[in-house]
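Residue numbers (this note's numbering), protein chains in the order written: chain A, 1 to 781; chain B, 1 to 291.
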């Protein structure tokens, strides 16, 4: 077997999943149609905070085609008015007495068709007594602030306080420091806005006593366990099928009230119930990301050596702490915010706060708050460079963790596995022609033109995670793979993670192809059905390749070890006399005597050695020894229009290092998509509420997703520094560009204006915001 | 995103449409491209009892120059306008406009007539038509009437069309020699309504004096706006950067924008000035190329 035939690791294999998507033959939740299916639609709150005085469902119930209207009062009788969140908080499914955010679920209509359900929603009469909204987390922390969650024992809007690093040491470093810079940064609330909204078809079959739920889930197994715990139905009587998913990005990890109500309704009516959110419901009420109010300080020597980082964050989590972080990390992995820089000390504090907004804090393509972490450090390094009059590239080279320092223990306790930061930045600067750009900038400035160059040299942290630290509701964050080699050498692989566009059906097949020497087209990857797939924690936080990818490689190697015994039997030599070379077991010293995996597979069912179990299967539950730490060096060049304030990205170069690359084409696609999703909040996206807490950005006319027109041509390049602990040396890549791009863009814009005394601009950098600065500085056209 | 109940009628002639409109009055809405109406119905911001679909009416999609006028049938799609070589060569300002309306999918269905009849100050064609001194032809139960564009826009979403009238045609005076126009729009992203946009039409005499000046502004007041003072300042003058800056300033002063997610009012006014200035420069370039 040749590498050309196998098409294993490193080959740009075309995505196996694409033919069905390109032809419109994918199966999404809304494609599921069952006989007798009923439709659910949801009555939502027009207030951010109100007492519910009365709900009158009589007019809606009287409409032809309306089967039922479910309220919180009814759910309370079934003990389902509240549900647990993944963060150990609890969340209303339907309210019994009050609403705590705009567009919150208030009641659910079940009807024979979708149109009737939508009409009936308007016929449900709800009488509200408005209460003062709580929209600013700093106001929320004041003693006289209205209480968002009177159901809790603790009578304040403060949720939790969390710290990392060494306070005493950090304070000492700051006291001694020659230079200290400080900055407030706000990273606004944004939404994942996946093209497919959330929804489910819940079907309880009384004949089999089994509950099947097709749902848009990034973590079907974890959701099955949660459903079992919430409803009391034994886990083997619940089947969750996550079919093709039109984008997840973290927004399909939480369990939303709609799923629970639909499940309740199918158990009650014994008919399939379909619930699909419309776009505005998705934008208004599903979990949000970011919303971090950050105060950061850097301590340094006068010649630019960073000594310490001190950060305090006030985190707006909305009305329920329903993020999906690992249980011991209420602020996610934010403490990786010392970034790519070697420093003596760091101290990080985060306070979670309730407000009358929908639940916040999901990881939007950012592996648990790493976007916030990277934004903080990459902005602060530029601010320090500005303070010291240093070049932003120079200050980075001066402070990078050096290649020989790996594995590197960070001041907040992480062990970085591998990296070569200077090489990545040098490559980026050489490719983009950094010195030439600086010369051009000086010339343009002399002519009154505004041009900026921004650098971001980020460190990611992905692959949660090792069982000693990482769990969700107690379930350790391992992941799994199960491989069956059939007699003809065709393979089925089942994995515990769930693809939503990452290309698992291709890359995981390539891993098996490489390890077993079987051509990739003979390998099928299945996932997403809890009745057949091995238990796994799901796909988010760039964890699939670090965890399930490793499990797949290890399972394949188990198969190879068994195959060695069968090959020895076929070749009539001792197993020790065989070596695995060029995708076959060959007799040492006589490489022409060999057996391919296809031959071995056939023998595993037809001619296996006595005493050996027939068949050729293996599984692996992989508990990663550490996380992986991808990194990159990005450079962005912008021009600013003085007549409108518009920022134009002229050039953007991303040098990424995600260790061993399994499929370079898929990695490049991930990087293009991630850069675009990183540019979006830097320049366009923001969830906005008015003073009443009404959401103003509930459509794509107001919540601005960039299109191809706004997206620059991305230039990409790579360095390869394998992970020393991952079986393939692979890290993760899906989120690197999303976390690395925003500070590169902001740094470029600030750089364009730095000679006017501008040091920081909060995202999104809108034309109006830039124009105001131009006016203040007297350079508006 | 599901509209309320409504009834739907397809009509095959203008007479049939007018008869139905007379019968149904304000309960009915005319469906042309539907690119504004249908979204409004899905959000239940509009709940008409009847939709009268005029798309089956034959012969309402003409683009022709006749008797010194460009005539556009009410059902001309924006994408057709965008691709028309007549429009591109003789009326580049219309090409500029069609090209920046929403996105290609919308333009494949949206019509020029609908863009005007909707009466939305955020739409792009009203400003262009104001700058070009267009005329709107409407048919009602008592026959046809020609409405000068200056009388057409009455209020937000309100035009001079009566409930029983159908917009059938738009007429634009053919461009004289040494004339040129341009439409410049600044938007947050493609598909968005303008933060500010300016349509400018200029004609020069042989002595390079401005003999005609039209300036229309998009999304800067409760209805589509003509910058009359700015036009007046240009007339009889020879074009210069100084003159254009003065006119752009007057145009900006004529605006009355509201603060919203696109930016505060004073920002929109500033962008109106920038867009007017740049459209003046481009219109002049075209006029000079057209000598």
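Note that beta-carbon positions come from the ideal geometry of N, C-alpha and C, so glycine has one too.
Item                                                                                                                                                                                                : Value
Quick one: give me the first and last residue of the beta strand (DSSP E) that residue 29/B is part of.                                                                                             : 28-31
Any C-beta of chain B within less than 9 Å: which residues of the stretch 700-720 of chain A qualify?                                                                                               : 700, 701, 702, 704, 705, 706, 707, 708, 709 and 710
Which of the three DSSP states, helix, strand or coil, is assigned to residue 275/B?                                                                                                                : helix
Of all the alpha helix (DSSP H) runs that stay within the bounds of the stretch 46-125 of chain B, which reach a length of 4 or more residues?                                                      : 78-83, 85-90, 92-99, 104-109 and 112-117
If we require 3 or more residues per run, which beta strand (DSSP E) segments fall completely within the stretch 523-594 of chain A?                                                                : 523-526, 578-581 and 584-587
So, with DSSP's three-state summary, where would you put residue 185/B?                                                                                                                             : strand
By the DSSP assignment, the beta strand (DSSP E) with residue 367/A in it spans what residues?                                                                                                      : Residue 367/A -> no beta strand (DSSP E), and no H or E assigned at all.
Can you tell me the Cα-Cα spacing of residue 599/A and residue 197/A, whole angstroms?                                                                                                              : 47 Å
In chain A, which residues lie less than 8 Å from residue 192/B when you measure between Cβ atoms?                                                                                                  : 701 and 704
Under the rule that 16 or more other beta-carbon atoms within 10 Å means buried, what is residue 79/A, buried or exposed?                                                                           : exposed
Name, please, each residue of chain B whose Cβ falls closer than 7 Å to the Cβ of residue 667/A.                                                                                                    : Neighbours of residue 667/A on chain B: none; closest Cβ ~28 Å, over 7 Å.
At a CB-CB cut-off below 7 Å, which residues of chain B make contact with residue 644/A?                                                                                                            : 186, 271 and 274
Tell me the rounded alpha-carbon separation between residue 476/A and residue 470/A.                                                                                                                : 6 Å
Report the neighbours of residue 781/A on chain B: residues whose CB is nearer than 8 Å to its CB, in chain order.                                                                                  : 274
I need the DSSP call for residue 747/A, collapsed to helix, strand or coil.                                                                                                                         : helix
If you reduce the DSSP assignment to three classes, tell me which class residue 249/A lands in.                                                                                                     : coil
Under DSSP, the alpha helix (DSSP H) around residue 435/A begins and ends at which residues?                                                                                                        : 434-446
Starting from residue 257/A, follow the alpha helix (DSSP H) in both directions and report where the run begins and ends.                                                                           : 257-269
Could you tell me if the beta carbon of residue 548/A falls within a distance shorter than 6 Å of some heavy atom in the ligand NAP?                                                                : Absent from the structure shown: the ligand NAP. Ligands present: none.
So, is the C-beta of residue 639/A closer than 7 Å to a C-beta in chain B?                                                                                                                          : no
Between which residues of its own chain and residue 437/A is the CB-CB distance below 7 Å, once the five residues before and five after are set aside?                                              : 453 and 637
Give a yes or no on whether the minimum CB-CB distance between residue 215/B and chain A is below 7 Å.                                                                                              : no
Do residue 79/B and residue 55/B count as a contact pair if the criterion is CB distance below 7 Å?                                                                                                 : no
For residue 733/A and residue 630/A, which I take to be in contact (beta-carbon distance under 8 Å), what is that distance rounded to the nearest angstrom?                                         : 6 Å
Kindly indicate which three-state DSSP category residue 292/A falls into: helix, strand or coil?                                                                                                    : strand
Could you compute how far the alpha carbon of residue 427/A sits from the alpha carbon of residue 657/A?                                                                                            : 12 Å
Kindly indicate which three-state DSSP category residue 330/A falls into: helix, strand or coil?                                                                                                    : coil
Report yes or no: do the stretch 188-205 of chain B and the stretch 98-118 of chain B share at least 3 C-beta pairs separated by less than 8 Å?                                                     : yes
Here's a check: name, in chain order, each residue in its chain whose Cβ is nearer than 7 Å to the Cβ of residue 330/A, leaving out the five neighbours to either side.                             : 87, 160, 162 and 352
Comparing alpha-carbon positions, which option in 748/A, 46/A, 547/A and 362/A lies nearest residue 99/A?                                                                                           : 46/A
Exposed or buried, residue 186/A, counting other C-beta atoms within 10 Å across all chains shown (16 or more means buried)?                                                                        : exposed
Please go through the same chain and pick out, in chain order, the residues whose beta-carbon is closer than 7 Å to the beta-carbon of residue 71/B, but skip the five residues on each side of it. : 62, 64, 169 and 171
List, in chain order, every chain A residue whose beta-carbon is nearer than 7 Å to that of residue 2/B.                                                                                            : 114, 115 and 118
Measure how close the beta-carbons of residue 501/A and residue 247/A come, nearest whole angstrom, since I'm counting them as under 8 Å.                                                           : 6 Å
Quick one: is residue 236/B buried, meaning 16 or more other Cβ sit within 10 Å of its Cβ, or exposed?                                                                                              : exposed
Would DSSP call residue 75/A helix, strand or coil?                                                                                                                                                 : helix
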